[in-house]
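Worksheet: one structure, shown below.
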Amino acid sequence: MAKIRASIIGGSGYTGGDLLRLLLIHPEVEVKSVSSERNKGMPVTKVHPNLRAITQLEFVEAAKIDTDVDVMFLCTPHGAAVKLVEQYMEKGMKIIDLSADFRLHDAKDYDRWYGHAHSRPELLEKFVYGMPELHREEIKKASYVASPGCLSTSAILALAPAVAAGLVDLDRIVVDSKIGSSAGGASGNPSTHHPERAGSVRAYKPTGHRHSAEVEQELGELAGGKKVTVSLSPHAIELVRGIFTTAHCFLLKQGLKDVDLWKTYRKFYKDSPFVRLVKEKQGIHRYPEPKLVMGTNFCDVGFELDSNAPRLVLMSAIDNLVKGSGGQAIQSMNLMFGLDEKTGLWFPGMHPV
Numbered sequence: 002m003a004k005i006r007a008s009i010i011g012g013s014g015y016t017g018g019d020l021l022r023l024l025l026i027h028p029e030v031e032v033k034s035v036s037s038e039r040n041k042g043m044p045v046t047k048v049h050p051n052l053r054a055i056t057q058l059e060f061v062e063a064a065k066i067d068t069d070v071d072v073m074f075l076c077t078p079h080g081a082a083v084k085l086v087e088q089y090m091e092k093g094m095k096i097i098d099l100s101a102d103f104r105l106h107d108a109k110d111y112d113r114w115y116g117h118a119h120s121r122p123e124l125l126e127k128f129v130y131g132m133p134e135l136h137r138e139e140i141k142k143a144s145y146v147a148s149p150g151c152l153s154t155s156a157i158l159a160l161a162p163a164v165a166a167g168l169v170d171l172d173r174i175v176v177d178s179k180i181g182s183s184a185g186g187a188s189g190n191p192s193t194h195h196p197e198r199a200g201s202v203r204a205y206k207p208t209g210h211r212h213s214a215e216v217e218q219e220l221g222e223l224a225g226g227k228k229v230t231v232s233l234s235p236h237a238i239e240l241v242r243g244i245f246t247t248a249h250c251f252l253l254k255q256g257l258k259d260v261d262l263w264k265t266y267r268k269f270y271k272d273s274p275f276v277r278l279v280k281e282k283q284g285i286h287r288y289p290e291p292k293l294v295m296g297t298n299f300c301d302v303g304f305e306l307d308s309n310a311p312r313l314v315l316m317s318a319i320d321n322l323v324k325g326s327g328g329q330a331i332q333s334m335n336l337m338f339g340l341d342e343k344t345g346l347w348f349p350g351m352h353p354v
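Counting from 2, one number per residue, gives the positions in the sequence shown under the working numbering.
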């Protein structure tokens, strides 16, 4: 089988750079070109020095991207992909969009969460939400995939089995996420300036975070179309990579035991190689933690029942740039091209870090 030819629009940021890192070591992929308007003509390794000796590619402007490819990855700011996507659709290639432009099914939700109307609402139905753990079969048949957001990924994977099994109150789901600075992108701003970020824990969108829309959409589908209300509050922490999510849910059934949750979560994720259930009785690593998944496509999920209240505490840890971004996009690509979804992604994290 010939290698999958791929190009990347927007390869100079952290998302595009980590996607490129993973594609370059993928055994079934040949990266043809990578675009960056401000870095055109510059060696990729000037921007991503970790790729020295791995690639000789130079950045090109988007207008000169190689379109004789099998798949185009879009790593553009919100609102840019929707302006580009049709020209690539016309060429017959598969498209994986890592922006938020096509994640929501209902165009009205863009008004609510993004503050503007979607400019091409008729295209939304063409995209499959690219979370293999929920939409594996649809992704296999898809030509166009909208890769999920990083916060959305961490929250959905923690909550999905409990919601699908009807265990929790759908009106009272509280999600608290701690997220590393790389989620803010490669362009610095006052909030990511080291003297301000170092040693800090800062709430940056305690209500109304846009990724709430994805979480409610996907959990609502798992709940059979019922309305789900998720209160999501992310916090910026000193970590560079990683998200740690704690979700608080209130149980609808009394007498739930650990063994019941083990069965529920194992059954739901039995065919999901990148979700690891982490709940041990003792030890410093008895729950998920971002350090242990750093650089990998794994999502570690854990849980604890509250003995003093009808509350279920769910935890997840991911690398926001891998399972929360480029790695998950490649996992979808593997499925779209008939590969084992683990191809090019099956490696452990480092310990210690």
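Backbone N, C-alpha and C define an ideal beta-carbon position, used for all residues, glycine too.
Taking the runs of the beta strand (DSSP E) that are 3 residues or longer, which of them lie wholly in the region 118-196? 145-147, 169-180
What do you get for Tyr-205, buried or exposed, if any count of 16 or more other CB atoms within 10 angstroms of its CB means buried? exposed
Three-state class that DSSP yields for Arg-267 in the structure shown: helix
Between which two residues does the alpha helix (DSSP H) harbouring Val-1 extend? Residue 1 cannot be examined here, being either before or after the span of the chain that is shown, 2 to 354.
In the DSSP assignment, what residue or residues form a beta bridge with Ile-66? According to DSSP, Ile-66 bridges with nothing at all.
If you count every other CB in all the chains shown that lies within 10 Å of the CB of Gly-296, and 16 or more means buried, which is it? buried
Which residues in the same chain have their Cβ closer than 7 Å to the Cβ of Glu-305, if we skip the five residues on either side of it in sequence? Val-314
Taking only runs that begin and end inside the region 199-239, name each unbroken beta strand (DSSP E) of 3 or more residues, in chain order. 231-237
For Ile-331, write down the residues that DSSP places opposite it in a beta bridge. Bridge partners of Ile-331: none, in fact.
Distance, Cα to Cα, Leu-58 vs Pro-196? 34 Å
CB-CB under 6 Å to His-286, same chain, minus the five flanking residues each way: which ones, in chain order? none
Segment contact flag, the region 126-137 with the region 326-338, C-beta cutoff 8 Å, min 3 pairs: yes
If Gly-14 sits next to Cys-76, beta carbons under 8 Å apart, how far is it from one beta carbon to the other, in whole angstroms? 6 Å
Shortest alpha-carbon distance to Asp-259 belongs to which of Lys-280, Thr-247, Tyr-270? Lys-280
Would you say Ile-55 reaches chain C, if we count a Cβ-Cβ gap shorter than 8 Å as a contact? Protein chains in the displayed structure number just one, and chain C is not present.
Quick one: what does DSSP say Leu-85 is sitting in, helix, strand or coil? helix
Terminal residues of the continuous alpha helix (DSSP H) containing Leu-23? 15-25
Going by DSSP in three states, Arg-104 sits in which element: helix, strand or coil? coil
Does the region 3-11 touch the region 39-47, meaning 3 or more C-beta pairs lie closer than 8 Å? no
Thinking C-alpha only, which one of Thr-265, Phe-245, Leu-21 is nearest Thr-154? Phe-245
From Phe-74 to Pro-353, what distance separates their C-alpha atoms? 32 Å
Length of the line joining the Cα atoms of Lys-92 and His-106: 24 Å
Could you give the first and the last residue of the continuous beta strand (DSSP E) run that contains Phe-245? 244-252
Which of the three DSSP states, helix, strand or coil, is assigned to Met-73? strand
Return the Cβ separation of Ala-184 and Cys-151 in integer angstroms, given the expectation that the two are a contact with Cβ distance under 8 Å. 6 Å
DSSP puts Arg-312 in a beta bridge; with which residues? Phe-251
Between the CA atoms of Ala-248 and Ala-156 - distance to the nearest angstrom: 7 Å
So is Pro-207 buried or exposed if we call it buried at 16+ other beta carbons inside 10 Å? exposed
Starting from the C-beta of Arg-104, find all residues in its chain whose C-beta is less than 6 Å away, skip the five residues before and the five after it, and write them out in chain order. Ala-147, Glu-215
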